[in-house]
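Below: the structure, in structure tokens.
Number of protein chains: 4
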Amino acid sequence: MSEAEEQIEWARTHMPVLSGLSSELSAKKVFAECRIGICLHVEPKTAVLCSVLRAAGAEVAITGSPGTTQDGVADALRAGGIAVYGRRADGTREHQHNIDSVVGHAPGVLLDNGADLAAAVASSGTPVSGGTEETTTGANRLREELAGTVSYPVIVINDSPLKAIVENQHGVGQTIVEGFMRTTNLLIPRRRFTVVGFGWCGRGIARYLRQFGGDVVVVERDEVRALEAALEGFHVRELEHALADTRVLITVTGRPGVVRREHLDTLPDGAILANAGHFSWEIELGDLSRTPVRDGIERLDLPGEKRLYLLTRGEMLNLAGGGGNPIETMDLGLSLQALSLARVASGGEGLTVGPQPVPDDINRDVARRMLSALQTPVSSPR
Amino acid sequence: MSEAEEQIEWARTHMPVLSGLSSELSAKKVFAECRIGICLHVEPKTAVLCSVLRAAGAEVAITGSPGTTQDGVADALRAGGIAVYGRRADGTREHQHNIDSVVGHAPGVLLDNGADLAAAVASSGTPVSGGTEETTTGANRLREELAGTVSYPVIVINDSPLKAIVENQHGVGQTIVEGFMRTTNLLIPRRRFTVVGFGWCGRGIARYLRQFGGDVVVVERDEVRALEAALEGFHVRELEHALADTRVLITVTGRPGVVRREHLDTLPDGAILANAGHFSWEIELGDLSRTPVRDGIERLDLPGEKRLYLLTRGEMLNLAGGGGNPIETMDLGLSLQALSLARVASGGEGLTVGPQPVPDDINRDVARRMLSALQTPVSSPR
Amino acid sequence: MSEAEEQIEWARTHMPVLSGLSSELSAKKVFAECRIGICLHVEPKTAVLCSVLRAAGAEVAITGSPGTTQDGVADALRAGGIAVYGRRADGTREHQHNIDSVVGHAPGVLLDNGADLAAAVASSGTPVSGGTEETTTGANRLREELAGTVSYPVIVINDSPLKAIVENQHGVGQTIVEGFMRTTNLLIPRRRFTVVGFGWCGRGIARYLRQFGGDVVVVERDEVRALEAALEGFHVRELEHALADTRVLITVTGRPGVVRREHLDTLPDGAILANAGHFSWEIELGDLSRTPVRDGIERLDLPGEKRLYLLTRGEMLNLAGGGGNPIETMDLGLSLQALSLARVASGGEGLTVGPQPVPDDINRDVARRMLSALQTPVSSPR
Amino acid sequence: MSEAEEQIEWARTHMPVLSGLSSELSAKKVFAECRIGICLHVEPKTAVLCSVLRAAGAEVAITGSPGTTQDGVADALRAGGIAVYGRRADGTREHQHNIDSVVGHAPGVLLDNGADLAAAVASSGTPVSGGTEETTTGANRLREELAGTVSYPVIVINDSPLKAIVENQHGVGQTIVEGFMRTTNLLIPRRRFTVVGFGWCGRGIARYLRQFGGDVVVVERDEVRALEAALEGFHVRELEHALADTRVLITVTGRPGVVRREHLDTLPDGAILANAGHFSWEIELGDLSRTPVRDGIERLDLPGEKRLYLLTRGEMLNLAGGGGNPIETMDLGLSLQALSLARVASGGEGLTVGPQPVPDDINRDVARRMLSALQTPVSSPR
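Chains as they are written, first to last, in this note's numbering: chain Z, 1 to 382; chain V, 1 to 382; chain B, 1 to 382; chain G, 1 to 382.
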């Protein structure tokens, strides 16, 4: 096996839900005579999805996103009879060309990412029977910019409640702890962390930091969530009152400018700043200069010889300072994709036109499969 | 500042105990007219120790170990008036030459690592008033191979009870969790881990894995420790009975051949093997071939198409798959070094000839300082 | 102070939210010229509420429920100028008479419990401007049996989301652990508990048992909740597959007949049964005879000399085997009562006719107050 | 069965180690022709031990301690052929008479409690081949007051390291949480507890309180233990600095006068005091008057209308406010008793004259049995 094939094989082994689905979908040839056009990062985990679709009878054409395509994986997919467009070196212009190439296959079903395929299909007039959209951003684009052009059902994967549970609460919580340790080489016990935001992600982060002995303060404006945090044993404070004792400040609110220059002035010398929210805008540095200190750490010099440290440029600490989405969250999301595509391909019973949530029965089916996979040894000998 | 100087400064900031000691030792010029010869990895954290000794009046000559010297750090130390021998490219032969160069400074006090300096001093007849030894291996060498040649007190740092608490229990426990996640990109919840050994390291690993939701089985032959594990809520099993349900097997016993080929045959397909003990010998693979899968992961192919996965070649998962010793454990060990050297330099009151444990009052002093550092913001503005 | 007055004073001290509200309501004389009719257990905690209402200007008449009135508390209330009807020895007939006596005061505002006052008011035609209802049962009675007779707003306290958080998750969770230990004199570590139901109460119970080292299996039919349980690290099983290894079985589903005779036949000898759901019907014993063993424990003799043990007759273990609702949950509920009554008394802005949830701003206000109380010493010297 | 017989049967069922030993000891008739004299509380759990000894061939005579004998249990033992002296109503004088009656049976082996039997045997000159002593107090009496009079081996049960693990750390830790909840009817989350002492008991208490969401401060004078506490994530403070924020103060140091009047003056109004150490002397109240508030709670009135609350008169909260020693700790202690008596009765191989620790092999044997019992359903159908 090539290196890429090894990596795909390893991903397959550790994505028990998706690989478990494969034999069922293949047995029924669910995608027989179905052409699926895909826009999704080309890497080992998505490669498993492609091969599952292919084994279940689909004709598959895929393009990745600019700059992330793993060329070895692309080659492995091509060897398996899948049309792959694009390479790592591509820029925005090549990306649009790749999208057009996928649409050129006249796909009846789309797996979209940011609504790029939907936009191309709307321009070209290619007839489509339905599809899925990976992101909330793409769903918004369908509802706004592309409103009126989508005459087929689109299942939006990212809004599944399973993602809040698996990815936001547990995935983000555990990988932020890992990312902090990896980036800083520091231990957690007794360190005073201030976590700003007690939504799904925030409570995961706060809980896992505390499980490692961290002294966690929660900042949360919603009174009921704040009470929940206190009853779980956390200190709850106003941001202004928490800063002076904070050694590590983590933002995860989804709102811009949560931490601003005036807050930085109150933090003690040596405090560390990190963000776990989707955008880096949660921490506003103003005109502070940044000096690289070591991989993933920059020093901010404030008046009075005060030094603060910013992790991974304020980008999501678990992704920028870690190994990407944990494989379990990918197994979940790609399994939701596979079953949603199968629903569309088999006539889309119960679906309506336009963007819509993952059908409840698919959520329950994937939850049941993931539960089963979590509790058993990976697999019996093949 | 150069990149190396930035890294040294960052280490200093996050080693509050050692840097806190600096002003006290400097005020008293504890090492005035004292020549200290050092054998220790030349990297940012040890550089902080060197500068602390220097600021307190010592004349310092240091050499690293073959292959680990960071040349930029060496340059920064030289700029600070410290004699540094060796460079990254050095091999064993150059190392011996570097040792001799350090001894050529006629040091009155030694900071030794593996008893290399003690051996050279014994050969050369350089008069020495005392020193420290970092490792248990070095202490054993002093007691055996070099017995009779050591006429001065040597404080053995590694045997301090503080290391069992800070490094073995908490440091290893947390960094093994980090190393597992970093290497595999997998989450912990509900995964069945079997931890072989419930000593200081083992209980740290078992506890922290469980705090992340792992389903942890403990294997421990000592009946009293096994009962302790059970009362903390762990499953306790014989290794033979634990294997069939194990998804991740972690050895941390200090004994060779704990896991052997017959055990591998009982593990389920897809199981992961890792070691947290000092030597990789705990897992014996026999003649199984290893195929690299991704960074830090090798596949072992067993009969019947069974695949097992070995992490970081069976070497310590937290070090080989992570970022080295956490900075807190270095702060602890180097602070013990600084105070032990000061004890020797100031006449060695209460010390005896030959290897001996860290004096109780030094352990208590460092414990008190570390406690204080753990609970306060890093430092107030300088 | 009399013994009852001591108890009332102690309750007041440990109900910081309600007693904190008192000065605010009194300063504004919120209930000036308002007659409030109350049906609620007459005991120290409700006595604090009565005195708060009285201090804020209300004329108060109260009756308890049959058999629960604490006569000393009733006397203390009477001494404070409150009309109290009923005594401990009362039966159902006297209770109806007491209800009529309260209604005879022509209350403009009602604090009702099971809609007893509402029914009496409907019969007598007493004009009422609004009120509160403590229970869901009372709310259902208002919607069904009394539909059409209620021409005023009724705020239903029990449906507040704060109760799910404070009482169901944390209150029930902690007091079930206490009740189990109190009743059985057994420790938790390593004991295999099977918790049937992973709703708000069930997850509280499962989490707190595990925090004490219990080996907890969760049984839950809803796939998404079951996945949540697994990701929190619990074993998840079908009831049928969990029974044979169960040492303690706890039901908390809200459904009748969850555990039936065929399940008892599968439990091992010596297993313990308990219920934490509202009704004892969750465990059906059929015709098994019960032999008292010690306080709160009965033995069930099954064929084959198998013995099972039933705690507190299958009634809610935390209440029947413990000290009643924890004071924090009473502080919460009675504070919601006080502010809801104040809303009604001050004109009921924003309220509609008939039963309705606690207004969102009142929930937030109480959450904020409770959060503040949880985090500070009880009170400063008066 | 009588009520007492039911209780004995229930104890037997939940003391798997001791009842498991019974068949082994009986099969070998380990105590054939052996007369055992016992001084131990006469209650259901010790009754199980008596019946185990009897079934293994011993002739048994027992007396309890003044005021604790359960007469029904005594009757049940008598019905089983055991000589029981004393009744609940007995005072000190009758106790001495009962001791003499037991010694009158000319026992060759003693199970002693406070060295009462040893003293009587020393006076009477009864020949004894060996025995056990339950308490440390009794062991001290053997070493001091009775030094020179003991010509036989005495195994001191209370010093077994298993007791530190099972009883001190886990038993005391869990039952203090239970006792606090039972006595106060309060919840744990977010409440600020200050635990004075981080020995075996103290760390159990601190850990279990935190597992219930308590905000725990540890006060500990030993620097190394204090560092351990901090690394486990606890706040560590000087007592003087902890008091002003303390809502519940728990002493568990083994030293008198740990908390004195000047400390009480610093506590906030409403703070609660409790003791988990063996003697109530840890909290010194001086001349403060105590007013009963409710069962197990007294109010202390300080100047400035400050009120403090003392739980269970400062006696061990878990015992005085709870249900006595948890059955697992009794199972452990009585199993150590049974095997130690068997060692003495079978010739006392390896034992020396006078008080001595439990032999290591007996500790390991009991640890192994308890481990096994903790992990399996109580028993299979008889």
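Note that the Cβ used here is the ideal one computed from N, Cα and C, for glycine as well. Given the structure is predicted, the values throughout are model-derived calculations rather than measurements.
Next item on the list: Grab me the residues of residue 78 of chain B's own chain with a C-beta within less than 7 Å of its C-beta, minus the 5 sequence neighbours each way, in chain order.
Entry: As a first step, residue 78 of chain B is located in the third sequence; it is residue number 78 there, counting from the start. Closer than 7 Å at the Cβ level, and outside the excluded window around residue 78 of chain B, lie 84.
Check: In chain Z, which residues lie less than 8 Å from residue 204 of chain G when you measure between Cβ atoms?
Finding: Position 204 of the fourth sequence, counted from the first residue, corresponds to residue 204 of chain G. Here the premise fails: no neighbours, minimum Cβ distance about 17 Å.
Checklist line | Integer-rounded CB distance, given that residue 341 of chain B should sit under 8 Å from residue 422 of chain B | finding: In the structure as shown, chain B starts at 1 and stops at 382, and residue 422 of chain B therefore has no counterpart that could be examined.
Notebook entry, point to check: Hey, is residue 213 of chain G's beta-carbon within less than 7 Å of any beta-carbon in chain Z?
Noted result: Reading the fourth sequence from its first residue, position 213 is the one you call residue 213 of chain G. Chain Z, which has a Cβ nearer than 7 Å to the Cβ of residue 213 of chain G, makes this yes.
Margin query: Let's see if you can read the secondary structure: which residues bound the beta strand (DSSP E) around residue 306 of chain B?
Written below: Against the third sequence, residue 306 of chain B aligns to sequence position 306. Note, residue 306 of chain B: beta strand (DSSP E), 306 to 311.
Item checked: beta strand (DSSP E) runs contained entirely in the stretch 272 to 310 of chain V, provided each spans 3 or more residues -> 272 to 275, 290 to 294 and 297 to 302
Notebook entry, point to check: Who are the neighbours of residue 13 of chain G on chain B, taking C-beta pairs under 8 Å?
Noted result: Looking up residue 13 of chain G in the fourth sequence gives position 13. In chain order: 270 and 307.
Check: Can the beta-carbon of residue 209 of chain G be found closer than 7 Å to that of residue 217 of chain G?
Finding: The residue given as residue 209 of chain G occupies position 209 in the fourth sequence. The residue given as residue 217 of chain G occupies position 217 in the fourth sequence. Cβ distance not < 7 Å, so residue 209 of chain G and residue 217 of chain G don't count as in contact.
Checklist line | Residue-chain proximity (residue 10 of chain B, chain G), Cβ-Cβ < 7 Å | finding: Locating residue 10 of chain B in the third sequence gives position 10, where the first residue counts as 1. Yes, because at least one Cβ of chain G sits closer than 7 Å to the Cβ of residue 10 of chain B.
Notebook entry, point to check: Which term fits residue 1 of chain V, buried or exposed, when burial requires 16 or more other beta carbons within 10 angstroms of its beta carbon?
Noted result: Taking the first residue of the second sequence as position 1, residue 1 of chain V is located at position 1. It is exposed - the Cβ of residue 1 of chain V has fewer than 16 other Cβ atoms within 10 Å.
Notebook entry, point to check: Under the three-state reduction of DSSP, which class applies to residue 121 of chain B: helix, strand or coil?
Noted result: As a position in the third sequence, residue 121 of chain B is number 121, starting the count at 1. The answer is helix: DSSP assigns residue 121 of chain B an H, G or I state.
Notebook entry, point to check: Does DSSP classify residue 130 of chain B as helix, strand or coil?
Noted result: Indexing the third sequence from 1 puts residue 130 of chain B at position 130. It is a strand residue.
Next item on the list: Taking C-beta pairs closer than 8 Å, name the residues in chain V that residue 232 of chain B reaches, listed in chain order.
Entry: Sequence index remark: in the third sequence, residue 232 of chain B carries index 232 (1-based). 189 and 213, listed in chain order.
Next item on the list: Provide the residue(s) that pair with residue 316 of chain G in DSSP beta bridges, ordered along the chain.
Entry: The residue you call residue 316 of chain G lines up with position 316 of the fourth sequence. For residue 316 of chain G, which the question treats as bridged, DSSP gives the partners G/275.
Next item on the list: From the DSSP output, in three-state form, read off residue 171 of chain Z for me.
Entry: The residue given as residue 171 of chain Z occupies position 171 in the first sequence. Helix.
Notebook entry, point to check: By how many angstroms is the C-alpha of residue 154 of chain G removed from the C-alpha of residue 131 of chain V?
Noted result: Here residue 131 of chain V refers to the residue found at position 131 of the second sequence. Here residue 154 of chain G refers to the residue found at position 154 of the fourth sequence. C-alpha of residue 131 of chain V to C-alpha of residue 154 of chain G: approximately 48 Å in a straight line.
Margin query: Can you tell me whether residue 245 of chain V is helix, strand or coil according to DSSP?
Written below: In the second sequence, the residue the question calls residue 245 of chain V occupies position 245. In the structure shown, residue 245 of chain V sits in a helix (DSSP, three-state: H, G or I).
Margin query: Rounding to the nearest angstrom, what Cα-Cα distance links residue 40 of chain Z and residue 211 of chain B in this structure?
Written below: Taking the first sequence and counting its residues from 1, the one referred to as residue 40 of chain Z is at position 40. Taking the third sequence and counting its residues from 1, the one referred to as residue 211 of chain B is at position 211. Roughly 42 Å between the two C-alpha positions.
Notebook entry, point to check: By Cβ distance below 7 Å, which residues in the same chain neighbour residue 49 of chain B in space, the five residues on each side in sequence not counted?
Noted result: Position 49 of the third sequence holds residue 49 of chain B. Closer than 7 Å at the Cβ level, and outside the excluded window around residue 49 of chain B, lie 18, 334, 337 and 338.
Check: Going by beta carbon distance, what residues of the same chain come within less than 7 Å of residue 29 of chain V, once the five residues before and after it are set aside?
Finding: As a working mapping, residue 29 of chain V is identified with position 29 in the second sequence. These residues qualify, in order along the chain: 56 and 57.
Next item on the list: Determine which residues share a DSSP beta bridge with residue 218 of chain B and list them.
Entry: In the third sequence, the residue the question calls residue 218 of chain B occupies position 218. Residue 218 of chain B is bridged to B/195 and B/236.
Note to self: So, with DSSP's three-state summary, where would you put residue 177 of chain G?
What the structure shows: Within the fourth sequence, numbered from 1, the residue matching residue 177 of chain G stands at position 177. Helix at residue 177 of chain G.
Margin query: Please classify residue 191 of chain B as buried or exposed, where buried requires at least 16 other C-beta atoms within 10 Å of its C-beta.
Written below: Locating residue 191 of chain B in the third sequence gives position 191, counting from the first residue. Residue 191 of chain B should be labelled buried.
Notebook entry, point to check: Taking C-beta to C-beta, are residue 329 of chain G and residue 179 of chain G nearer than 7 Å?
Noted result: Here residue 329 of chain G is taken as the residue at index 329 of the fourth sequence, counted from 1. Here residue 179 of chain G is taken as the residue at index 179 of the fourth sequence, counted from 1. Not in contact: residue 329 of chain G and residue 179 of chain G (Cβ atoms no closer than 7 Å).
Next item on the list: Give the secondary structure of residue 96 of chain B by DSSP, where H, G and I count as helix, E and B as strand, and everything else as coil.
Entry: To locate residue 96 of chain B, count along the third sequence from 1; it is residue 96. Here residue 96 of chain B sits in helix by DSSP.
Check: In this structure, what does DSSP give as the bridge partners for residue 17 of chain V?
Finding: Counting from 1 along the second sequence, the entry for residue 17 of chain V is found at position 17. Partner(s): none; residue 17 of chain V has no beta bridge.
Check: So what does DSSP say about residue 354 of chain Z, is it helix, strand or coil?
Finding: The sequence position of residue 354 of chain Z within the first sequence is 354, counting from 1. Residue 354 of chain Z falls in the strand class under three-state DSSP.
Next item on the list: Scan the stretch 320 to 332 of chain Z for residues whose Cβ lies nearer than 7 Å to a Cβ of chain B and list them as they occur along the chain.
Entry: Near chain B, meaning a CB-to-CB distance below 7 Å, no residue of the stretch 320 to 332 of chain Z qualifies.
Note to self: For residue 255 of chain G and residue 200 of chain G, what's the separation of their Cα atoms in angstroms?
What the structure shows: Locating residue 255 of chain G in the fourth sequence gives position 255, counting from the first residue. Locating residue 200 of chain G in the fourth sequence gives position 200, counting from the first residue. C-alpha separation (whole angstroms): 14 Å.
Item checked: Beta-ladder partner(s) of residue 153 of chain G, from DSSP -> Reading the fourth sequence from its first residue, position 153 is the one you call residue 153 of chain G. G/354.
Check: Comparing the C-beta of residue 6 of chain B with each C-beta of chain V, is any distance below 7 Å?
Finding: By one-based count along the third sequence, residue 6 of chain B stands at place 6. Using a Cβ-Cβ cut-off of 7 Å, residue 6 of chain B does not count as an interface residue toward chain V, since no Cβ of chain V sits closer than that to its own.
Next item on the list: Would you verify that the beta carbon of residue 223 of chain B is, or is not, closer than 7 Å to some beta carbon of chain A?
Entry: Note that chain A does not occur in the displayed structure, where the protein chains are Z, V, B and G.
Item checked: Straight-line gap, residue 82 of chain V to residue 115 of chain V (C-alpha atoms, nearest Å) -> As a working mapping, residue 82 of chain V is identified with position 82 in the second sequence. As a working mapping, residue 115 of chain V is identified with position 115 in the second sequence. If you take the alpha carbons of residue 82 of chain V and residue 115 of chain V, they lie about 21 Å apart.
Margin query: Applying the 10 Å Cβ sphere with the 16-neighbour rule, what's the burial state of residue 279 of chain G?
Written below: Taking the fourth sequence and counting its residues from 1, the one referred to as residue 279 of chain G is at position 279. The residue in question, residue 279 of chain G, is exposed, as its Cβ has fewer than 16 Cβ neighbours within 10 Å.
Check: If we cut at 7 Å on Cβ distances, does residue 278 of chain V have a partner in chain G?
Finding: The residue given as residue 278 of chain V occupies position 278 in the second sequence. By this cut-off, residue 278 of chain V is not an interface position.
Notebook entry, point to check: Which residues in chain V sit within 8 Å of residue 236 of chain G, going by Cβ to Cβ distance?
Noted result: As a first step, residue 236 of chain G is located in the fourth sequence; it is residue number 236 there, counting from the start. Result: 371 and 375.
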